[in-house]
Amino acid sequence: MHPTDKAARVAGALYLTLVVMGPFSLIYVPNALIVHGNAAATATRILAHETLFRLGIVADLIGTVLFIFAVMALYRLLSSVNKTHASLMAVLALVSAAVGFLNVLNHIAALILFRGADFLATFDKPQREALAMLFLRLYGQGIVINEIFWGLWLFPFGVLVMRSRFLPWILGLFLLVNGFAYVAVSLTSLLLPDYTSVVNRFAVIPETGELWIMLWLLIKGAKVEPLAAAGSLATG
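Count along the sequence shown starting at 1, add 8, and that's the number in this note's numbering.
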């Protein structure tokens, strides 16, 4: 297997793994355990299913680690196209990973408050539950902030794909549209929260742009033959 093709498939495999890890920690666990507007009911659910909540925390961390490895694989694949753009892609992605790691602390803090450690004895149960709900809400806002970086790193990524010549340029366009969708959703949530649900509905399809590049990298890999042929013509 050609090294470029191998790098593409490794990047695709790592990237696609996030499709499994992400929805579990970001969608399934919160929907199963968090009762919006009811701290007492949320506390009861989380303490009754503490293992599930902890699995969500671990999945969040593992997903972020896998994201870092996927970005490194993409950097290796695309740095030959334009090293400056590839470096920008990697830096923005690593900032997103850092924000993700720090954001998990909000879930850990919420769990500590729900469990009620000895040093929290000065707070009564309703106060602890209210503080825990605050940390759960902060986790959600951390995701909103991170959506900016989820979008920004896709811009240089998309440009690199469009210029690569060994990946379909249309996939790069999908990435650019996906990036704009993430940024639009994040800024709307921060500036015009009443319209977030409307923007989210319009962003559903554009936000599938990453899925196409994941599948292409994993199944098709990188089209290296035309480049080899071009090199042969040049030397001849």
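C-beta atoms are modelled at their ideal positions from N, C-alpha and C, and glycine is treated no differently.
- When the beta-carbon positions are compared, A101 and L22 stay at least 8 Å from each other.
- Fully enclosed beta strand (DSSP E) runs of no fewer than 3 residues are not present anywhere in the segment 190-229.
- H93 places its beta carbon less than 8 Å from that of L168.
- DSSP places V99 in the uninterrupted alpha helix (DSSP H) bounded by K91 to R123.
- Secondary structure at T25: helix, using DSSP grouped into helix, strand and coil.
- Between L175 and A230, the gap from beta carbon to beta carbon is short of 8 Å.
- Within 10 angstroms of the beta-carbon of W158 lie 16 or more other beta-carbons, which makes it buried.
- K133 carries a helical assignment under DSSP once its states are collapsed to helix, strand and coil.
- The C-alpha of V185 is placed about 21 Å away from the C-alpha of L199.
- Contact between L121 and R136 is confirmed by a C-beta separation of about 5 Å, below the 8 Å threshold.
- L142 is the residue among A15, V28, I65 and L142 whose C-alpha sits nearest the C-alpha of H44.
- Counting other Cβ atoms within 10 Å of its Cβ, L41 reaches 16 or more and is therefore classed as buried.
- For the pair of segments examined, the segment 73-89 was found not to touch the segment 48-64: the number of CB pairs separated by less than 8 Å stays below three.
- In the three-state DSSP reduction, G45 falls in the coil class, being neither helix nor strand.
- Closest by C-alpha distance to G217, out of G187, A192 and V206, is G187.
- Around the beta-carbon of R209, fewer than 16 other beta-carbon atoms lie within 10 Å, marking it exposed.
- For F174, no alpha helix (DSSP H) segment is defined, and its DSSP state is neither H nor E.
- Take the alpha-carbon of L195 and the one of S104: they are about 16 Å apart.
- Residue burial is scored here from C-beta neighbours: V37 has at least 16 other C-beta atoms within 10 angstroms and is therefore classed as buried.
- Taking all protein chains in view, the Cβ of I227 is surrounded by fewer than 16 other Cβ atoms within 10 Å, so the residue is classified as exposed.
- Per DSSP, reduced to three states, the secondary structure at K14 is helical.
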